[in-house]
Amino acid sequence: MKIWAIATNTLRAFLRDKVLIVIFIVLICFVLLMMTPLLAYKAITTAENAGSMQALVLGIVAVVMSLLSGGGSLLAAWAGASSVATEMRSGTIQAVMARPVKRWQFLAGKYLGVLLLMGCYVPLMFGISYLLAWMGGEHIQAAPWVLIVYPIVRYAIYAAIAILLVTFMHSAVAFGIVILISVFAGLVAPKAPLTAHIPAWIRAPIYAVLPSTGLLSESRFLSITRTSLQHTTWLQHLTTLAYGLDYALVCFLFAVWSFHYRSLRRD
Amino acid sequence: MNPAVEFRNVTKVYRRRFSSQRIAALSDVSFDVHAGEVCAFLGPNGAGKTTTISILMGFFYPDSGEVRVLGYEPGDVRAKRQIGFLPENFAFYKYLDAEKLLSLHCVLAERGNGNRDAIIHDLLTKVRLEQFKGLKISKYSRGMVQRLGVAQALLGEPKLLVLDEPTSGLDPAGRKDVRELISSLRAAGNTIFLSSHILSEVEQICDRAVIIDRGKVVRAGTMNELLGSSGRVEIVVNQLPETLEAALSGWSASMERGARGVKISIAEDKKREAIESLWAAGCDVISLAPIRGSLEELFLTLVTGEGAAA
Numbered sequence: 001m002k003i004w005a006i007a008t009n010t011l012r013a014f015l016r017d018k019v020l021i022v023i024f025i026v027l028i029c030f031v032l033l034m035m036t037p038l039l040a041y042k043a044i045t046t047a048e049n050a051g052s053m054q055a056l057v058l059g060i061v062a063v064v065m066s067l068l069s070g071g072g073s074l075l076a077a078w079a080g081a082s083s084v085a086t087e088m089r090s091g092t093i094q095a096v097m098a099r100p101v102k103r104w105q106f107l108a109g110k111y112l113g114v115l116l117l118m119g120c121y122v123p124l125m126f127g128i129s130y131l132l133a134w135m136g137g138e139h140i141q142a143a144p145w146v147l148i149v150y151p152i153v154r155y156a157i158y159a160a161i162a163i164l165l166v167t168f169m170h171s172a173v174a175f176g177i178v179i180l181i182s183v184f185a186g187l188v189a190p191k192a193p194l195t196a197h198i199p200a201w202i203r204a205p206i207y208a209v210l211p212s213t214g215l216l217s218e219s220r221f222l223s224i225t226r227t228s229l230q231h232t233t234w235l236q237h238l239t240t241l242a243y244g245l246d247y248a249l250v251c252f253l254f255a256v257w258s259f260h261y262r263s264l265r266r267d
Numbered sequence: 268m269n270p271a272v273e274f275r276n277v278t279k280v281y282r283r284r285f286s287s288q289r290i291a292a293l294s295d296v297s298f299d300v301h302a303g304e305v306c307a308f309l310g311p312n313g314a315g316k317t318t319t320i321s322i323l324m325g326f327f328y329p330d331s332g333e334v335r336v337l338g339y340e341p342g343d344v345r346a347k348r349q350i351g352f353l354p355e356n357f358a359f360y361k362y363l364d365a366e367k368l369l370s371l372h373c374v375l376a377e378r379g380n381g382n383r384d385a386i387i388h389d390l391l392t393k394v395r396l397e398q399f400k401g402l403k404i405s406k407y408s409r410g411m412v413q414r415l416g417v418a419q420a421l422l423g424e425p426k427l428l429v430l431d432e433p434t435s436g437l438d439p440a441g442r443k444d445v446r447e448l449i450s451s452l453r454a455a456g457n458t459i460f461l462s463s464h465i466l467s468e469v470e471q472i473c474d475r476a477v478i479i480d481r482g483k484v485v486r487a488g489t490m491n492e493l494l495g496s497s498g499r500v501e502i503v504v505n506q507l508p509e510t511l512e513a514a515l516s517g518w519s520a521s522m523e524r525g526a527r528g529v530k531i532s533i534a535e536d537k538k539r540e541a542i543e544s545l546w547a548a549g550c551d552v553i554s555l556a557p558i559r560g561s562l563e564e565l566f567l568t569l570v571t572g573e574g575a576a577a
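Taken in sequence, the protein lines are chains A and B.
Each residue of the first sequence is one higher than the one before, counting from 1 in my numbering.
Each residue of the second sequence is one higher than the one before, counting from 268 in my numbering.
Printed below as a string of structure tokens:
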């Protein structure tokens, strides 16, 4: 009950956050902007140029989906870092922690609040992707649950890392480090071309330690053409999602441990 | 009976990150706050008051020493269930209104599942915010926020109230309300630990005071112990003949002539003889009162040495 009260209050704060409102407006403007070429391509499609037009439509939809997905990662990292930092900065944490609330309950409430925010974002992202594909005359082939569960687990990892880091550093630095970690994890992935020259014995342990959110990227399944849709078994889904949840849980537990020992002073 | 708050040889040192600099915020601080009393915690800015209160509330950990709050470790939820806390410069979720804020605190305080609305109504009435309950806190004045802070501190009928500058930002009427509230809480048997810079108020409402300076307790005791009799009395008479003035001077009395008469300060053991002499000389004795030190004088003496000079 206390965790839920803190979580819903955190979500309430996010929904009134000026930064988030600006991001949302920019997102809407961006989607509206991308609709124009989609509709234009659709209007000028003829029997002769249908193939090339379809490729253009698919390209636009893929770019929008990637940007929305990446934007979600940034949002999760920012929300995770700011959820705790804002309370510390404003001093509101002292009124809450003067109540019979344990430190882990406070942190769990904040984390759940971030996940609730991402739970609002993901259906929006999912809806926009479907809308754009439909406007382009295409249909997303992947199962809807994959497009909801995978990004939420991925965002849960980013948020947990951000919350862990913000327990001992400034929120802006924590946000930056989460972004660097995610970029670095992509760079040291087994088939990443940019770091192919680095020996595997160096890359492999780094890759194992960093969050392999590439595995949890819904873009693996976000296919519009059935031929490119990857076949994934239930066991593979379960293993991948369990990996993601486990990573998020470990980061969150480290955050609880670190938060337990820190001073709750106004930053 | 166990004290409500026990500090035993508490030390807290702040360490700057990436630096060897150490700042001793508290050095070997020991004091007790007894159950049912109003205890003032006084000190100049930077003396360590907020650090002490933060340790008491479990926000900070001491480097050494022992702290017990209502018999538990600071931060223990069993203790926190019985504590009401008003931080200095209270910060709220500004997007909430008073009703929603108190409702959130009711959930966090595990209070009023069935009668939450009644509890909130009572609290808001007590601090005269009932008519503003639907107004966003961001629209509140400084004084209204402070009153809301007092309301949330009272939520759950706490046994121990920790108030950091409770009258800060309040107008005279609001300060009077808080003083009366503290007096009624004391009458009901609550323990109150409050920090304030308004020493005249502290003198009126507190039973005990702990004075801290540069992280060390410089004086602690009941108000009577701290401000006890100076051993002198003040006699005010309508007039003073010159012949008697010389006689009183012989008893180490000091005299000050003013619009309302003559004030005579004299040793307590000489008061009977002095008054008899004054009456015999036809003087009208307007008042007689023991001279008691003020908390402000004591504070300034201990903290800056000014009081002693004065």
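Idealized CB from N, CA, C, for every residue including glycine.
These numbers were taken from a predicted model, which means no experiment stands behind them.
Chain-ordered chain B contacts of residue i [CB-CB under 7 Å]
i	result
Gln94/A	Phe326 and Pro354
Ala108/A	Near Ala108/A there are no residues of chain B at all, since even the closest Cβ is about 13 Å away, more than 7 Å.
Ser171/A	Those do not exist, as Ser171/A stays about 16 Å from chain B at its closest Cβ, beyond 7 Å.
Sub-8 Å separation of residue i and residue j beta-carbons
i	j	result
Ile542/B	Val529/B	no
Ala582/B	Ser519/B	Residue 582/B lies beyond the stretch modelled for chain B, which goes from 268 to 577, so this question has no answer here.
Ala271/B	Thr458/B	yes
Met324/B	Val429/B	yes
Asp480/B	Gly310/B	yes
Ala81/A	Phe175/A	yes
Leu38/A	Ala79/A	no
Gly416/B	Phe357/B	yes
Thr10/A	Gly91/A	no
Val277/B	Leu293/B	yes
Ala5/A	Leu375/B	yes
Ala346/B	Val336/B	yes
Asp431/B	Pro329/B	no
Ile387/B	Glu366/B	yes
Leu565/B	Leu494/B	yes
Gly477/B	Val469/B	What sits at residue 477/B in the sequence shown is Val, not Gly. No, these two residues do not count as a Cβ contact at 8 Å.
Three-state secondary structure (DSSP) of residue i
i	result
Glu470/B	helix
Leu20/A	helix
Leu430/B	strand
Met522/B	strand
Cys550/B	coil
Arg154/A	helix
Lys110/A	helix
Lys279/B	strand
Glu564/B	helix
Phe252/A	helix
Phe175/A	helix
Ile542/B	helix
Ile290/B	strand
Arg475/B	strand
Ile449/B	helix
Phe184/A	helix
Partner residues on chain B for residue i, Cβ-Cβ distance less than 9 Å
i	result
Lys2/A	Val374, Leu375 and Glu377
Arg203/A	Correct list: empty, because the minimum Cβ distance to chain B is about 31 Å.
Ser52/A	By Cβ distance, chain B contributes nothing, its closest Cβ being about 51 Å from Ser52/A, past 9 Å.
Leu124/A	Per Cβ cutoff of 9 Å: no residues; Leu124/A is ~22 Å from chain B at best.
Leu116/A	Ordered by position in chain B, no residue passes the 9 Å Cβ test against Leu116/A, which lies about 16 Å from the chain.
Under 8 Å from the C-beta of residue i: neighbouring residues of chain B
i	result
Asn268/A	With chain A represented from 1 up to 267, any question about residue 268/A goes unanswered, as that position is not in the structure.
Ser263/A	Ser321, Phe326, Phe327 and Tyr328
Within chain E, partners of residue i - CB distance below 8 Å
i	result
Val22/A	In the displayed structure, chain E is absent; the protein chains listed are A and B.
Residue i versus residue j - alpha carbon distance
i	j	result
Asp444/B	Val394/B	8 Å
Ile350/B	Ala513/B	60 Å
Glu540/B	Arg453/B	42 Å
Arg103/A	Met97/A	7 Å
Gly211/A	Leu107/A	Looking at the sequence provided, one finds Pro at residue 211/A rather than Gly. Roughly 21 Å between the two C-alpha positions.
Leu115/A	Ser287/B	40 Å
Ala291/B	Val280/B	4 Å
Tyr41/A	Ser258/A	53 Å
Arg226/A	Ala7/A	Any reading at Arg226/A must be qualified, since the residue scores a pLDDT of 49, below 50, and its modelled position is unreliable; the value itself is stated next. Distance between the alpha carbons of Arg226/A and Ala7/A is about 39 Å.
Ser321/B	Val178/A	31 Å
Val188/A	Ile206/A	7 Å
Interface residues of chain A facing residue i [CB-CB closer than 7 Å]
i	result
Lys347/B	Ala98, Arg99 and Pro100
Phe285/B	None at all; the shortest Cβ gap to chain A is about 12 Å.
Arg344/B	Arg is not the amino acid found at residue 344/B; the sequence shown has Val there. Within chain A, the residues near Val344/B are Pro100 and Lys102.
Neighbour list for residue i in chain A, Cβ cutoff strictly below 8 Å
i	result
Phe359/B	Thr92 and Ala95
Tyr362/B	Arg12, Ala13 and Arg16
Ile350/B	Ala98
Inset, instruction - Could I get the ranges of all uninterrupted alpha helix (DSSP H) runs contained in the stretch 39–93 of chain A, with 4 residues as the minimum, in chain order? - result: Listed in chain order, the alpha helix (DSSP H) runs fully inside the stretch 39–93 of chain A are 50–90, counting runs of at least 4 residues.
Inset, instruction - With a floor of 3 residues, list each beta strand (DSSP E) that falls wholly inside the stretch 284–363 of chain B, ordered by position along the chain. - result: Runs of the beta strand (DSSP E) inside the stretch 284–363 of chain B: 289–300, 305–309, 331–336 and 350–353.
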